[in-house]
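Below is one structure; the comments refer to it alone.
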Amino acid sequence: MMGLISYLVFFITIASILAIAVLGLNLQWGNAGLFNGGVVAFFGAGAYGTLLLGGDPQSDHIGGFDLIYPLALLGGAVAAGVLAWVAGRLTLHLRHDYFAIATFGVAVTFENVMRNAEGLSGGAKGLRGFTRPLEAWVNNGFTYNMLFLLVVASLLVCTYLFLERLIRSPYGRLLRAIREDEIAACSLGKNPGRIRLTAFITGSCIVGLAGGLYATFYAFVSPQDVLPTLTFQLWAMLIVGGAGNNRGAIFGTFLIWGAWTASGWGLSRLAPVEVQLYTGTMQFILIGLVIVGMLLWRPQGLFPERLVVSQSGRKSK
Amino acid sequence: MIQSLADGILVGAILSLGAIGLTMVMHILRFANFSHAELLSIGAYSALVFDALFSGILPILANKVGPFSMTWALILSMLCAMGVTGLSAMLIDRFVFKRIREKGDELSMVFASFGVAMIIRNVLGLIFGLKSQLYSNDIVFAVMVSSEPMLLIKPDQVFVLLAALLIMLMLHFVLSRTTFGYALRAVAENPSLAEVSGIRLSRVIALVWIIGGGLAAAAGVFYGLNNHINPVIGRDLVLPIFAATIVGGIGSVYGAVLGGFIVGIAASMALLVLPSGYSPAVPFMIILVLLLVRPHGLFGEPQT
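Structure follows, in structure tokens:
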């Protein structure tokens, strides 16, 4: 029973962290119409940034500045934002498919650099030497995980409330206006490039925050955590939940992460040993089928975006 | 230095073949197809199957062609693989991309292509196993063309380069001398006007997939001959092929050929200064430099 509960705590923690990332992605894709093909780079920037800033001093690579934890976490999110700023400045003004390719390239390059630049990231063996905040003070694994879940869940709620407010604000309307008709927005004196860039950076900071939490939870991050497949999983969560709908994004995350975990568990329990090597392979086929199936038969997701028509717009019809 | 140049030209030929199909699809259907590189895997693996089949049925085919490590069976297999891959590309379009296209969202297509890539890659892994395979287990020694500067070339590499150039030349004649070539250009320039002039859009699109798939299959077989065949060929080549397409300018077939060689040579040369671990990042750097200097590529036209 205790095992089940602690597993549940573990599951909800990871799902909530991923949900924060998917919320950030939803701002970019669901509201601004930006196809970020390299979500994992911003997730990774947050993860590496947090561990480098908050970790214990290291001899073999830079970092280990031992900052107090909230500052380190914030620093990770800022690192993701800076990466987004650079990538966005270079590519956002181009055709949307260039943007998708370029961000995909950012992710490949990020993983590659983290794997090779040992002086920066610890290389392929990853980044260790991080003491989780207050762990010594709590001194009980289970209580600590419960507390950590509480922090993650409240951050998820904060992110959700922040984004809900943001998309209902004039800024949110502007984002959707640009997504729907860029030229019309220009004619109203708006600057789509600038607005898109800010949306891209804001979304990436949120993704970076999730990355920071993820790295904190494991007190470890390695290039294995920033493979392009994570981008794909996060996308699947958003598409299934419903792009443009924050509640859908959270629901989609829990659903897909649940299905992912359950299928992994099921295959490792029930499948014959020689098939078990292919567990990941089969999981990716399943998730690929879910994506393509959703796009074919229910592209709006389980929770479609609620399009708000303004009162003046309604009257004229 | 010379060795890097020679290796780069060879890689470039393979990338060019892949980029031609991608550039046509991206131009006519207006979406970045992340699953295009998986067509190379399909080609490489179907050639592996046909090769085993042909050398089983007619052992005489299993003899080697001249000094090369490839057999007659493999050449025949490559042609069959080109057909199979072209057909699969067309079917994937019919069952997935076409139906999403009709709903009218370009970015959903990009995402669907991610999904398709993931499915193809993992299904191939499931069928053929995750281990690397080879067309031939014989070791072919490289011939020393010159010792100062050092230049080693395998006979297979010469064959691959010549075959790739021959295929591109054939494509050039198809595009510049046949009604299909004209139809293709007309559709690329203005689909509605082309339809009014009596060109069947769906037929042109299907042919573009078949040609793109066929070329990708050839590229996959050549890649397999020079390296090895594994299910992650697509993952490793997707970025270089995109880079070749962007360098050449989206929509330009000749640009894609040139782009392939530029990316191949640049990536090979870059390893002279960079540690080899960084090679997957090189195509991205090429994309970045190009987008800064000439955003619509060497031969591309600015598009909105």
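Chains as they are written, first to last, in my numbering: chain A, 16 to 332; chain B, 537 to 840. For every residue, glycine included, the Cβ atom is placed at its ideal position computed from N, Cα and C.
Alpha carbons only, please: which of the options is nearest the one belonging to residue i?
i        : options                                : result
Ile545/B : Val696/B, Leu612/B, Val620/B           : Val696/B
Val679/B : Asn673/B, Leu698/B, Ser552/B, Asp692/B : Asp692/B
Leu698/B : Ala625/B, Ala754/B, Ser733/B, Phe716/B : Ala754/B
Ser267/A : Gly256/A, Asn154/A, Leu66/A            : The sequence as given places Gly at residue 267/A; Ser does not occur at that position. Closest by alpha carbon: Gly256/A.
Ala648/B : Leu627/B, Ser613/B, Phe570/B, Gly622/B : Phe570/B
Arg313/A : Leu627/B, Gly619/B, Lys639/B           : Lys639/B
Gln669/B : Trp608/B, Thr714/B, Ile769/B           : Ile769/B
Asn261/A : Ala286/A, Ile198/A, Leu181/A, Val288/A : Leu181/A
Leu553/B : Gly750/B, Tyr718/B, Val818/B, His764/B : Gly750/B
Gly187/A : Ile20/A, Gly45/A, Val222/A             : Gly45/A
Gly661/B : Val54/A, Gln298/A, Ser169/A            : Gln298/A
Leu165/A : Phe25/A, Ala151/A, Gly204/A            : Phe25/A
Ser613/B : Pro727/B, Gly592/B, Pro603/B           : Gly592/B
Asn762/B : Asn726/B, Asn673/B, Arg635/B           : Asn673/B
Leu627/B : Leu575/B, Val710/B, Ser605/B           : Leu575/B
Thr296/A : Gly665/B, Thr714/B, Ala752/B           : Gly665/B
Ile27/A  : Val288/A, Ile271/A, Leu301/A           : Ile271/A
Leu89/A  : Ala264/A, Val290/A, Leu170/A, Met252/A : Leu170/A
Leu541/B : Phe567/B, Ala617/B, Ile689/B           : Ile689/B
Val305/A : Leu282/A, Trp275/A, Leu162/A           : Trp275/A
With C-beta atoms as the reference, is residue i less than 8 angstroms away from residue j?
i        : j        : result
Ala234/A : Glu320/A : no
Asp543/B : Tyr671/B : no
Gly279/A : Thr294/A : yes
Leu178/A : Leu42/A  : yes
Gly791/B : Leu834/B : yes
Ile746/B : Ala625/B : yes
Ala99/A  : Ser219/A : yes
Glu71/A  : Gly144/A : According to the sequence provided, residue 71/A is Asp. The question's Glu does not apply to it. It is a contact, given that the beta carbons lie within the stated cut-off.
Met560/B : Val757/B : no
Ala122/A : Arg130/A : no
Ile77/A  : Gly137/A : no
Val652/B : Val620/B : no
Ile786/B : Val307/A : no
Ala817/B : Val128/A : yes
Phe50/A  : Leu68/A  : no
Arg284/A : Thr231/A : no
Leu311/A : Arg830/B : no
Leu687/B : His111/A : no
Trp250/A : Phe650/B : yes
Ile564/B : Val723/B : yes
Ala92/A  : Gly227/A : yes
For the alpha helix (DSSP H) containing residue i, list its first residue and its last residue.
i        : result
Phe614/B : The question names Phe, but residue 614/B is Met in the sequence shown. Per DSSP, Met614/B belongs to the alpha helix (DSSP H) from 608-628.
Met537/B : From DSSP, Met537/B is part of no alpha helix (DSSP H); its letter is neither H nor E.
Ser252/A : One point to set straight first is that residue 252/A is Met, not Ser, in the sequence displayed. Counting along the chain, the alpha helix (DSSP H) containing Met252/A begins and ends at 243-256.
Tyr718/B : 715-725
Arg183/A : 156-183
Phe266/A : 261-285
Ala139/A : Ala139/A -> no alpha helix (DSSP H), and no H or E assigned at all.
Phe58/A  : 54-69
Trp333/A : The requested residue 333/A does not occur in the structure, where chain A is confined to residues 16 to 332.
Ala755/B : 737-762
Pro314/A : Counting along the chain, Pro314/A falls outside any alpha helix (DSSP H), and DSSP gives it neither H nor E.
Lys639/B : 634-639
What do you reckon, is the C-beta of residue i under 7 angstroms from a heavy atom of the ligand GDP?
i        : result
Gly784/B : Among the components modelled here there is no ligand, and therefore nothing to report on the ligand GDP.
In the DSSP assignment, find the beta strand (DSSP E) that holds residue i and state where it starts and stops.
i        : result
Met680/B : 679-682
Ile689/B : 687-689
Would you say residue i reaches chain C, if we count a Cβ-Cβ gap shorter than 8 angstroms as a contact?
i        : result
Asn160/A : As a matter of chain content, chain C is missing from the structure shown, whose protein chains are A and B.
Review point. Would you call the segment 22-35 of chain A and the segment 98-107 of chain A in contact, with 3 or more CB pairs under 8 angstroms?
Key: no
Residues within the segment 636-657 of chain B neighbouring chain A, beta-carbon criterion of under 9 angstroms:
Ile636, Lys639, Asp641, Glu642, Leu643, Ser644, Met645, Val646, Phe647, Ala648, Phe650, Gly651, Val652, Ala653, Met654, Ile655, Ile656, Arg657
Subject >> Selection of the segment 276-295 of chain A by Cβ proximity to chain B, strictly under 9 angstroms >> reply: Leu292, Tyr293, Gly295
| query | Counting Cβ pairs closer than 8 angstroms, one from the segment 54-68 of chain A and one from the segment 573-584 of chain B, do we hit at least three? | reply | no
Checklist entry - Listed in chain order, which residues of the segment 586-616 of chain B have Cβ atoms closer than 7 angstroms to some Cβ of chain A? => result none
Report yes or no: do three or more beta-carbon pairs, one from the segment 698-718 of chain B and one from the segment 548-568 of chain B, lie closer than 8 angstroms?
yes
Determine, using beta-carbon pairs with one atom in the segment 768-779 of chain B and one in the segment 814-826 of chain B, whether at least three such pairs fall under 8 angstroms. yes
query: Name the residues in the segment 812-826 of chain B whose C-beta lies less than 8 angstroms from a C-beta of chain A; which are they?
result: Gly813, Tyr814, Pro816, Ala817, Pro819, Phe820, Met821, Ile823, Leu824
- Of all the residues that make up the segment 132-144 of chain A, which are near chain B by a beta-carbon distance shorter than 7 angstroms? none
Self-check item: Contact between the segment 734-741 of chain B and the segment 209-224 of chain A (3+ Cβ pairs under 8 angstroms)
Solution: no
Interface residues of the segment 559-589 of chain B facing chain A [CB-CB below 8 angstroms]: Met562, Arg566, Phe567, Ala568, Phe570
| Using a Cβ cut-off of 7 angstroms, which residues of the segment 660-673 of chain B contact any Cβ in chain A, in chain order? | Gly661, Leu662
Using a Cβ cut-off of 8 angstroms, which residues of the segment 78-105 of chain A contact any Cβ in chain B, in chain order? Leu105
So if I threshold CB-CB distances at 9 angstroms, which residues from the segment 772-784 of chain B count as touching chain A?
Val774, Leu775, Phe778, Ala779, Thr781, Ile782
Q. For the segment 236-258 of chain A, which residues have a beta carbon sitting closer than 9 angstroms to at least one beta carbon of chain B?
A. Pro243, Thr244, Thr246, Phe247, Trp250, Ala251, Ile254
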